[in-house]
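Data block below; observations after.
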């Protein structure tokens with residue numbers, strides 16, 4: 017049993033803490049949050065200890081690894097601290113909103129073999145993974161086009177948006193990672209259009225966008241399209257389509273159950289899709305912990321690495337440059 | 017080009033006349049209806065001649081074959097006349113509501129090689145046929161269970177019901193034929209339950225039923241279930257399920273188009289199924305003509321024979337006996 | 017937190033023990049199995065105590081309720097012991113294979129208000145429940161037909177079959193309960209056909225059947241069809257269809273994920289359905305514990321009562337009588 | 017009955033001739049093809065007269081309107097001739113591969129009220145039209161994103177490609193029209209990526225592309241994505257997705273029938289989609305004739321006008337400019 021500490025006890029930290037506590041090869045050793053009461057509550061519920069600081073957690077011999085689910089500005093620092101303490105880290109995305117800080121962190125941990133995993137949970141979704149595996153198995157021949165649909169069920173609260181770093185760094189970053197995972201090759205060109213279509217007033221005040229379309233191309237010519245919206249009233253919409261010379265695979269949405277209605281007005285209608293990521297990606301979040309436990313046990317670098325976190329942010333930066341300059345951007349212009 | 021005459025210019029006769037007129041290897045030579053104006057209208061629309069009697073049609077050297085779509089009580093007689101005239105006949109189901117009359121007709125045409133086809137159109141539905149072909153190709157291994165769902169969109173008018181001969185002879189007869197086609201073997205036992213659930217008052221007045229469930233078994237042990245209803249508000253419901261040792265195939269309903277809706281209340285909802293048999297079985301009715309033209313051209317007995325019409329009626333009689341005696345009936349008790 | 021003991025640590029007992037341990041309002045206090053090592057293993061894994069006998073468990077003041085997942089012949093006795101000890105019981109189906117023993121148990125516990133729940137987990141499936149709720153909400157108008165498809169993925173081992181009490185008591189009993197739940201009214205007539213189609217040799221040796229079709233009718237005329245097979249190579253097949261005057265609802269199967277393939281041979285193909293009941297009914301088993309915890313907390317009789325267990329067995333007996341006498345059986349002939 | 021002549025008796029001309037001949041309010045008066053034998057064959061099959069020249073057709077008092085299905089270079093000239101002769105014209109797309117010629121034609125027919133319809137058949141697809149109607153009915157609220165998937169089943173022959181004018185003018189032009197139809201507003205910005213992924217050698221020889229992705233934006237900010245491929249082994253892939261504030265609608269592909277397979281390897285698999293446009297858009301081609309007959313009868317301009325043909329070509333030109341200059345192009349740069 018590997019002993020894992022969770023840093024950050026907000027919504028996603030609580031979910032991770034519960035998943036760690038339930039994992040057959042892991043135990044939840046400690047939790048920490050800047051809000052001591054929040055940490056206490058999680059500790060009590062999951063049977064773990066609440067600690068007074070991240071430093072204390074990382075210094076403890078009773079912790080084998082950390083899961084970083086604290087506020088985004090703390091991610092890079094906690095990664096550095098974990099690596100220095102020799103403790104494998106699983107860090108929620110993004111590493112940092114500022115690419116320069118990511119590069120500094122990268123330099124700081126360069127040469128270390130301590131496993132660092134980034135929380136791109138969607139790669140672990142059984143359907144998405146089966147789609148990628150179908151490509152690897154040659155089922156669809158040469159991959160030509162990747163289409164990623166990614167829409168949140170509703171606008172997050174204003175406070176969230178103020179700190180989130182912008183749609184492309186906060187939300188699309190998952191899709192940039194998925195695109196790289198599905199393509200199996202780096203995009204070299206990025207073009208983006210975006211707008212404030214859902215709530216133009218709020219977006220105007222925040223200098224934010226709520227709806228976007230992106231096109232990317234890899235060096236070998238594969239094409240990728242991402243579309244995003246902050247509001248999908250029919251439920252969290254997460255679809256992937258991979259098209260190749262021998263066929264296509266699609267990974268679609270999960271419904272809460274398999275009941276369908278037939279009436280004089282409509283047939284085959286079902287309940288709206290699962291509301292949001294915690295419901296939709298339940299299995300993926302658990303499999304992510306699984307991969308992290310593997311990395312802790314083997315000492316090997318995880319499949320979803322620090323470099324993956326960095327590359328996804330570089331694509332977000334390229335997309336922002338495309339938006340602001342209204343032109344096709346070479347990824348090499350960013351890094 | 018084979019020259020076909022259509023006897024009967026009601027709703028289904030009109031449809032057949034148009035299909036014959038459009039068929040690449042057939043022409044619509046003549047039409048006849050007891051209502052001369054109805055025949056004239058079809059003749060004019062389709063570019064055919066309206067004739068004064070069935071006898072005149074069958075005596076004409078300009079007619080190679082007849083399609084019998086007149087009122088049910090005339091079917092057996094017209095079949096006999098056609099066979100005697102040496103003209104292949106495609107006759108709408110049922111041959112007759114009275115099994116004794118069917119047996120007499122059978123005796124009368126025995127020994128003749130003139131092709132006689134019965135209008136069990138559903139066998140020609142591309143999906144249903146593909147399902148049967150999958151069984152023949154061994155795709156599902158040994159067939160164990162056949163489930164047929166067959167529901168009309170709405171109650172027919174009272175006048176129709178008064179002449180129709182009862183649900184099991186009028187509507188289920190198609191399903192009895194499909195069951196035999198799908199099973200590839202004769203049912204030997206029949207059990208039925210039925211009721212007047214949709215319009216008990218009208219059904220009571222007509223001594224009729226509107227909802228039924230049937231179970232049959234073949235000599236080798238295959239099981240078959242049919243369920244019927246005279247009202248399916250979501251559209252004409254025509255489904256077949258074939259279950260075997262190596263898998264299952266299902267043939268389902270057609271939608272008018274492939275548009276689906278996603279809202280906060282319901283996802284993936286589509287328009288109700290195609291309303292009724294003329295829309296749902298468009299391709300099947302055309303393929304039925306195709307098979308008839310083949311039979312005319314080759315002189316061979318068609319796949320859907322007089323005997324198929326007789327056997328389906330025998331199953332209906334067995335089911336009625338099961339209903340009235342509230343017991344399992346051996347088909348051998350009927351014929 | 018209610019303290020629950022699990023009696024029986026076989027496959028389903030282990031699943032229940034884990035579910036109880038994970039339940040937010042319950043704790044797993046103790047476990048017992050006739051095989052002490054099995055109990056020890058579960059106790060260790062779930063953090064509970066292994067006890068030496070069912071008597072010891074029921075006598076303990078540290079146990080509020082028991083979940084009976086032991087061998088079928090012990091069920092009735094354990095229910096009686098639990099009721100006498102004043103401890104609510106959730107008992108796996110069937111209560112007993114012998115209806116006389118069920119009646120004796122019923123007499124013995126008559127008058128007691130101790131909650132006794134029977135483990136008809138399928139009622140708790142979110143899709144099945146949504147279907148029933150749609151009926152209750154009037155969405156499909158008057159219910160006319162219920163169709164239940166229930167097929168196991170593969171034949172159980174011979175040893176299981178030897179003790180299982182026969183297909184209709186072991187497997188169909190779930191469907192009899194679901195039928196009663198969906199109909200909202202007691203079936204009064206039962207007709208069954210069955211056969212040994214999958215493995216005639218083994219079935220012959222065991223005097224057992226592996227494939228069945230049943231038709232039932234309620235006093236008000238509603239019709240219900242159940243079809244069963246012990247082998248569905250495409251996965252555990254669990255479907256319900258409810259047809260009424262205003263529409264239809266269907267509750268279907270769960271797939272392991274939502275990936276679909278498109279090739280030159282086939283489109284929209286997905287992975288076979290979830291293999292068996294533990295995977296398919298994960299949420300249902302958890303919701304069943306939820307209902308049991310409610311009953312323990314409130315002291316009220318649970319939705320799925322002892323009487324439900326008894327009525328399902330009566331229907332199984334009626335179906336066996338129908339099979340052996342090859343006729344329609346009135347449920348009143350049984351009890 | 018309006019009397020229509022068909023100019024051009026190739027594959028699509030033959031289809032149109034048959035559709036006209038079958039239309040209840042139209043008759044096929046004459047046909048013409050540069051290949052007299054081809055015209056004779058169609059004339060004989062459909063019961064029409066084969067004429068010696070387009071001039072002769074247009075001069076005939078026995079023709080009310082013309083359907084132009086001849087080689088692309090003749091389209092503009094035939095439109096001009098028809099308008100001058102006062103005969104409504106339905107012209108296959110594109111009007112011309114050279115925008116300058118389109119502009120000249122436009123100037124030439126300016127001021128005439130003779131109906132001119134362009135053959136963008138897809139607008140008439142029942143599913144696509146239902147999707148647009150759902151937007152117009154307010155069902156999905158404000159439209160934000162349009163996604164068009166349009167993939168041909170296989171590469172056309174080299175000869176076809178040599179004359180087709182390039183993927184964006186030949187194939188995507190349909191999607192540009194659909195995009196305008198669905199958006200209900202003109203795109204003002206166009207960005208395209210494309211490549212030769214399917215057959216790089218052939219594409220290299222022809223200076224052609226076989227795979228493309230396009231993003232467009234309208235003045236009000238709506239976003240539109242089109243993806244194209246010249247090869248989809250699973251069948252002609254024609255999908256539309258419209259996403260708005262209150263929901264989404266999708267119009268999908270038609271299958272040849274509704275049979276699905278379930279095995280130990282795959283469930284719910286169906287036959288590949290209908291092969292190509294003549295099969296997929298059967299109803300759309302017929303409804304297009306319907307609209308044309310309406311225009312002939314009323315003398316009003318049809319819904320799909322010359323201007324629609326021109327605007328689609330302008331978008332194709334903008335997309336080519338985007339490809340060659342690797343940048344976002346303003347539609348106003350073209351026209």
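Chains as they are written, first to last, in this note's numbering: chain L, 17 to 351; chain S, 17 to 351; chain R, 17 to 351; chain W, 17 to 351.
In this text, a Cβ means the ideal position worked out from N, Cα and C, and glycines have one as well.
From a predicted model like this one, the values you see are computed outputs, not experimental measurements.
- Within 9 Å of the CB of residue 43 of chain W, no CB atom of chain S is found; the nearest one sits about 11 Å away.
- Per DSSP, the unbroken alpha helix (DSSP H) holding residue 309 of chain S starts and ends at 298–314.
- A contact is defined here as three or more CB-CB pairs under 8 Å, and the stretch 273–286 of chain W meets this definition with respect to the stretch 261–269 of chain S.
- Here residue 168 of chain R carries a coil assignment [DSSP, helix/strand/coil].
- 269, 271, 276, 277, 278, 279, 280, 281, 282, 283, 284, 285, 286, 287, 288 and 289: these are the residues of the stretch 268–290 of chain S whose beta carbon lies less than 9 Å from some beta carbon of chain L, given in chain order.
- Cβ neighbours of residue 261 of chain L within its own chain (closer than 6 Å, five residues either side excluded): 157 and 158.
- Listed by position along chain R, the residues whose Cβ is nearer than 8 Å to that of residue 262 of chain L are 279 and 280.
- Here residue 109 of chain R has 134, 135, 136, 189, 190, 193, 325 and 328 as same chain residues with Cβ atoms under 8 Å from its own Cβ, once five neighbours each way along the sequence are excluded.
- For residue 188 of chain R, the secondary structure class from DSSP, reduced to helix, strand or coil, is helix.
- Contact between the stretch 293–312 of chain R and the stretch 85–102 of chain R is absent, with fewer than three C-beta pairs closer than 8 Å.
- Residue-level contact check: residue 250 of chain W touches chain R, since one or more beta carbons of chain R fall below 7 Å from its beta carbon.
- In this chain, the alpha helix (DSSP H) harbouring residue 121 of chain S covers 115–125.
- Not flagged as an interface residue toward chain L: residue 161 of chain R, since no C-beta distance is shorter than 7 Å.
- With fewer than three CB-CB distances shorter than 8 Å, the stretch 202–212 of chain S does not count as touching the stretch 111–121 of chain S.
- The beta carbons of residue 280 of chain R and residue 162 of chain W sit no closer together than 7 Å.
- Against residue 220 of chain S, chain R offers no close residue; the least beta-carbon distance is about 13 Å (beta-carbon pairs closer than 9 Å).
- For residue 93 of chain W, the enclosing alpha helix (DSSP H) stretches over residues 91–101.
- Counting only the Cα atoms, residue 224 of chain R lies some 40 Å from residue 322 of chain S.
- Interface annotation, residue 229 of chain S: in contact with chain R, CB-CB separation under 7 Å.
- In terms of beta-carbon proximity, residue 30 of chain L stays away from the interface with chain R, with every pair separated by 7 Å or more.
- Within the stretch 195–213 of chain L, 205, 207, 208, 209, 210, 211, 212 and 213 place their CB atoms closer than 9 Å to a CB of chain W, listed in sequence order.
- In the DSSP assignment, residue 255 of chain R falls within the beta strand (DSSP E) that extends over 253–260.
- For residue 43 of chain W, the uninterrupted beta strand (DSSP E) segment begins and ends at 42–48.
- Residue-level contact by beta carbon fails for residue 254 of chain S and chain W, as no gap is shorter than 7 Å.
- What residue 143 of chain R touches in chain L, judged by beta-carbon distance under 7 Å, is 273, 274 and 275, going in chain order.
- Beyond the five residues adjoining it in sequence on each side, residue 43 of chain R comes within less than 6 Å, by CB distance, of 17 and 19 in the same chain, given in chain order.
- Restricting attention to W/41, W/94, W/80 and W/299, the CA atom closest to the CA of residue 24 of chain W is found in W/94.
- For residue 319 of chain W, no alpha helix (DSSP H) run applies, since DSSP gives it neither H nor E.
- Bridge partners of residue 205 of chain W according to DSSP: W/233 and W/346.
- Around the beta carbon of residue 186 of chain W, 16 or more other beta carbons lie within 10 angstroms, which makes this residue buried.
- Under the three-state reduction of DSSP, residue 269 of chain L is assigned to coil, being neither helix nor strand.
- With a beta-carbon spacing of about 5 Å, residue 21 of chain W and residue 73 of chain W fall inside the 8 Å limit used to define contacts.
- Assigned with DSSP and collapsed to three states, residue 247 of chain L falls in coil, not helix or strand.
- When beta bridges are read from the DSSP output, residue 83 of chain L appears opposite L/22 and L/106.
- Residue 184 of chain W has a beta carbon lying at 7 Å or more from every beta carbon in chain L.
- Here DSSP, grouped into helix, strand and coil, assigns residue 263 of chain W to strand.
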